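The structure under discussion appears below in the form of C-alpha cells.
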Amino acid sequence: MRKLALSDEILLKISQPARYIGGEVNMVKKDPSKVAVRFAMCFPDVYEIGMSHLGIQILYHQFNLRDDVYCERVYSPWPDLHKIMKEQDIPLFALETQDPIKDFDFLCMTLQYELCYPNILQILDLGKIPLKACQRTDDMPIVVGGGPCTYNPEPIADFFDIFYIGEGETVYDDLFDLYERMKEDGSYNRHDFLHEAAKIPGLYVPAFYEVSYHEDGTIADFHPIYDDIPTTIHRQVVENMSESVYPDKPLVPFIKVTQDRVVLEIQRGCIRGCRFCQAGMVYRPTRPRDINMLKETARAMLKNTGHEEITLSSLSSSDYNELEEIVTFLIDEFHTQGVNISLPSLRIDAFSLDVMSKVQDVRKSSLTFAPEAGTQRMRNVINKGLTEDDILNGAGQAFEGGWTKVKLYFMLGLPTETQEDMEGIAVLADKVARRYYEIPKDQRNGKCQITASSSFFVPKPFSPLQWATMQPMEEYIRRAGIVQEAFRNQLNRKSLRYNWHTAEVTVLEGVFARGDRKVGKVLEEAYRLGCIYDAWDEYFDYDKWLQAFENTGVDMDFYNLRKRELDEIFPWDFINCGVTKSFLIREWKNAMEGNVTPNCRAKCSGCGAASYGGGVCFEGKN
Numbered sequence: 000m001r002k003l004a005l006s007d008e009i010l011l012k013i014s015q016p017a018r019y020i021g022g023e024v025n026m027v028k029k030d031p032s033k034v035a036v037r038f039a040m041c042f043p044d045v046y047e048i049g050m051s052h053l054g055i056q057i058l059y060h061q062f063n064l065r066d067d068v069y070c071e072r073v074y075s076p077w078p079d080l081h082k083i084m085k086e087q088d089i090p091l092f093a094l095e096t097q098d099p100i101k102d103f104d105f106l107c108m109t110l111q112y113e114l115c116y117p118n119i120l121q122i123l124d125l126g127k128i129p130l131k132a133c134q135r136t137d138d139m140p141i142v143v144g145g146g147p148c149t150y151n152p153e154p155i156a157d158f159f160d161i162f163y164i165g166e167g168e169t170v171y172d173d174l175f176d177l178y179e180r181m182k183e184d185g186s187y188n189r190h191d192f193l194h195e196a197a198k199i200p201g202l203y204v205p206a207f208y209e210v211s212y213h214e215d216g217t218i219a220d221f222h223p224i225y226d227d228i229p230t231t232i233h234r235q236v237v238e239n240m241s242e243s244v245y246p247d248k249p250l251v252p253f254i255k256v257t258q259d260r261v262v263l264e265i266q267r268g269c270i271r272g273c274r275f276c277q278a279g280m281v282y283r284p285t286r287p288r289d290i291n292m293l294k295e296t297a298r299a300m301l302k303n304t305g306h307e308e309i310t311l312s313s314l315s316s317s318d319y320n321e322l323e324e325i326v327t328f329l330i331d332e333f334h335t336q337g338v339n340i341s342l343p344s345l346r347i348d349a350f351s352l353d354v355m356s357k358v359q360d361v362r363k364s365s366l367t368f369a370p371e372a373g374t375q376r377m378r379n380v381i382n383k384g385l386t387e388d389d390i391l392n393g394a395g396q397a398f399e400g401g402w403t404k405v406k407l408y409f410m411l412g413l414p415t416e417t418q419e420d421m422e423g424i425a426v427l428a429d430k431v432a433r434r435y436y437e438i439p440k441d442q443r444n445g446k447c448q449i450t451a452s453s454s455f456f457v458p459k460p461f462s463p464l465q466w467a468t469m470q471p472m473e474e475y476i477r478r479a480g481i482v483q484e485a486f487r488n489q490l491n492r493k494s495l496r497y498n499w500h501t502a503e504v505t506v507l508e509g510v511f512a513r514g515d516r517k518v519g520k521v522l523e524e525a526y527r528l529g530c531i532y533d534a535w536d537e538y539f540d541y542d543k544w545l546q547a548f549e550n551t552g553v554d555m556d557f558y559n560l561r562k563r564e565l566d567e568i569f570p571w572d573f574i575n576c577g578v579t580k581s582f583l584i585r586e587w588k589n590a591m592e593g594n595v596t597p598n599c600r601a602k603c604s605g606c607g608a609a610s611y612g613g614g615v616c617f618e619g620k621n
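This is the structure we're talking about:
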C-alpha cells in the first residue's frame, strides 16, 4: 500500500486534498524499481486545470506503454499547501508513488501560457531542484519543457535543460533510448547526455547556444557552441494522426475538474489562417483522424471512464470533413444512454446549428461566436474570414432555433485599430440583438442576452502579426472605456453586456511572449517576491511584477512598445516550425493592406507546411 507524502493532519487543513493523493480511476501502477526511466510529467498549474489537459493524457498513456518507463504526474500545489511545504520542508512529490520528484530521471513541464511561468520556478523550488540548469548535477532530473510556449523558449531558457519543439508523440522514445544506453554502458554524465540529446531532431538544449546583442538590445547573432549540433531546430510533427497513440483509458479524477469529460481530438491544425493565431500556424498542416479510429476510440473511452459527456476537440471542428458522420454516430450510439456531446470551435452555420439542436438543451445553453473584430475592415486585417452577413445570418438561425443567449468574443488593440473599429464591437452586438427582436413577439422566448467580451491582443511568435507594436497599459484601458461607452449608446443596451480582460496581465504576457533570455531574471525576481498563480486573478499582483522589472533593470517597453523591423532577428528565429518567415512577412503586409488570404482548402498560399508531406496540403493528390 502506498504511503502518502502528506500526513492526515495536513490533508485535513488544505482545500481539495484529493489533488495530492493520486489513486484515480485508470491511474497506472508500476514497480519503480523495475523500470529504467522514471518520468515526472508536470503541468505548472492547479490539478483541476492540469487534469483537463489532453496533451498530458496522451503522453501519460504513450510513455506508460513502455515497460521500461514509468510516467507519473505532478501539478502545482495550491498556495495553502505551498506555504505548508515551505514551512515543513516537504519535497514536492509525484501522485502515483508519492515519491519526491528530485529522485526522478526526468521532469517534463508542459508550457501552455506565459503567466504560468512563476509556477515553473515553484515546481523546481518545492521539488528541491536548482532553479537554473547550470547549477544541476549528474544525480538530478533532466528538466524538459514542451508545449506551445516553447515556440519562444528564450525567456525561460536558463531554467530548462532541454526544450522539446513540436508534437510530443514523435522523438521522446529516442531520448529515453539514449538515456538508457548511456546509463547501461557507464558513459552517462549530464553534459555528455545533453550533448547527444541536442543531436536528436526537435530537441533544443539552450546551454549549448550563445546569443549576442547589438547596442540597441536587439539580437546580433545566435549560434550553437558545438559544430555537431544543429543551427536550426525543426518542429516535430505527427504525420499520420490515425496511427499515433491515443488514450483509450484516460485518467478520471475524484473531484470536479475544468473539463470533466472525455476528449476526442478529431484533427490537429487549422485551415483558416487567422493572422493573430499562433496555433493556426504552428500546428500546420491540418491533419484529420480516421473516422473509424474515432468511433472505436469514443466507445473505449466512454466505457473505460464512465463519463457522461464527450467533447470533439479541434481548432476548427467545422472543417473536419467527416463531422456529420462522427456526430451522427455519437448521437445514435450514446445519446439515449445519457451521454452529452459537446462541439466547441464550430462555425455558426445552418449545419452546425442543426447538429447543436440535437445535442444541446437550447433552453439552457448559450452559443458562442468569435467575430474577433467589430468591423469588416478589421476582420479583413486579421483574415478572420467572416462577414457581417455570416454573423447575423448565423445568429438569426440560432434565435429561430430557440437559442436566446449568445456570447461574442472580440480583441482590442489589434494593429491599425481605429475608434470606429472599437465602437464597432458595440454596434455589431446591437445588430445581433436586433436580429432577435425581428422575430415575431409570440415566437420569442422572452428577451435575448448578448454578452460581448474583449481580450487585448498579444502578438505571438510565428503568427503573421508577430511584428505588431503593443500599447501602454493605460491605452488598453482607454480603448475598453470607448467600447463600454458605445454599448451604453446602443438601442438594445438592456439586452447587452460587456466585459474585458485585465490590461496589466496583457502587458506582462506581451513581454514573455516575445522576450529574450534577458527577461528570465525578471521571472526569477518576481518569484522571489512571491509571485505564483499569476494566471489567477485573486493571486495576480502587478505591483510585485513592476518591482521585479525595476530591481533587475529590464525595460518592459523595449519588448512591447518599440517598432520591429522586418529584418530583425527574433529570439525564436532558430526554430523551423514549417511556416516560413517569408510567408509570415507576406501575410503581415497583407494585414497592413487589409487583403484577405483564402483558407488552405480553397487555395494553397505556399506557407511552407507542405514540406511535411501530409495533411490538407496533400488532400486529393496522388
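First residue of the sequence shown: 0, per numbering that gives the first Met the number 0; consecutive thereafter.
All C-beta atoms in this analysis are idealised placements derived from N, C-alpha and C, irrespective of residue type, glycine included.
Nothing here was measured: the structure is a model prediction, and the numbers come from that model.
query	result
For the alpha helix (DSSP H) that L342 lies in, which residues bound it at each end?	L342 -> no alpha helix (DSSP H), and no H or E assigned at all.
Flag this pair as yes or no: are the beta carbons of V553 and V521 separated by less than 8 angstroms?	yes
Quick check: what's the CA-CA separation for R622 versus T327?	This structure does not reach residue 622, given that the chain is present from 0 up to 621, and the question cannot be answered.
Could you tell me which residues DSSP puts in a beta bridge with S454?	M410
Taking 7 angstroms as the limit between beta carbons, can you name the residues of its chain near N118, skipping five residues before and five after?	P43, D44, S75, I531 and Y532
Cutting at 7 angstroms between CB atoms, please list the residues of its own chain near Q375, excluding the five before and the five after it.	T386 and E387
Can you tell which of E166, V73, Y116 and G126 has the C-alpha that lies nearest to the C-alpha of I57?	E166
Among V380, R378 and H334, which residue has its Cα nearest to the Cα of V358?	H334
Alpha carbon to alpha carbon, how far is G445 from Q489?	19 angstroms
If you draw a straight line from the alpha carbon of G605 to that of C599, how long is it in whole angstroms?	9 angstroms
Short of 7 angstroms in beta carbon distance, which residues of its chain neighbour L3, apart from the five on each side in sequence? Order them along the chain.	I20 and Q97
Of all the options E523, W587, D556 and M300, which has the alpha carbon lying nearest to the alpha carbon of H60?	M300
Can you tell me the Cα-Cα spacing of E524 and G412, whole angstroms?	29 angstroms
Excluding the 5 residues flanking E508 on each side, which residues of the same chain have their C-beta closer than 7 angstroms to its C-beta?	E113, L114 and V457
So A156 packs on P205, CB below 8 angstroms; how close in whole Å?	4 angstroms
Quick check: the Cα distance between L342 and G612, rounded to an integer number of angstroms?	29 angstroms
Report yes if the C-beta distance between P152 and G146 is below 8 angstroms; otherwise report no.	no
Provide the residue span of the beta strand (DSSP E) that contains F221, from first to last.	I218 to P223
Please tell me whether G614 and V578 are closer than 8 angstroms, where the distance is taken between their beta carbons.	no
Quick check: F162 and T149, are their CB atoms within less than 8 angstroms of each other?	yes
Quick one, which of S186, V210, K302 and D289 has its alpha-carbon nearest L322's?	D289
Assuming T296 and Y245 form a contact by the criterion Cβ under 8 angstroms, report the distance between their Cβ atoms to the nearest whole angstrom.	6 angstroms
Classify A219 as buried or exposed, calling it buried when 16 or more other Cβ atoms lie within 10 Å of its own Cβ.	exposed
What is the DSSP secondary structure of N621, reduced to helix, strand or coil?	Per-residue confidence for N621 stands at a pLDDT of 46, beneath the threshold of 50, marking its modelled position as unreliable; the derived number appears in the next sentence. Note: N621 maps to coil in three-state DSSP.
Between which two residues does the alpha helix (DSSP H) holding V380 run?	Q375 to V380
Is the beta carbon of L311 sitting closer than 8 angstroms to the one on I325?	yes
Return the chain-ordered list of same chain residues with a C-beta closer than 7 angstroms to the C-beta of T505, the five sequence neighbours on each side being excluded.	F455, V457 and Y475
Give the DSSP bridge partners of M40, in chain order.	R72 and C107
If you drop the 5 nearest sequence neighbours on each side, which residues of the same chain put their C-beta closer than 6 angstroms to that of M555?	V510 and F548
Is it buried or exposed, E473, if we count other Cβ atoms within 10 angstroms and call 16 or more buried?	exposed
Just the Cα atoms here: how many angstroms apart are I13 and F539?	21 angstroms
Which two residues bound the contiguous beta strand (DSSP E) that contains I141?	I141 to G145
Can you list, in chain order, the residues of its chain with a C-beta nearer than 6 angstroms to that of L123? Leave out the 5 residues immediately preceding and following it.	L130
Which word fits V405, buried or exposed, when buried means at least 16 other C-beta atoms lie within 10 angstroms of its C-beta?	buried
Relative to the alpha-carbon of A609, which residue among R283, M410 and M50 has its alpha-carbon at the smallest distance?	R283
Can the beta-carbon of P414 be found less than 8 angstroms from the beta-carbon of W571?	no
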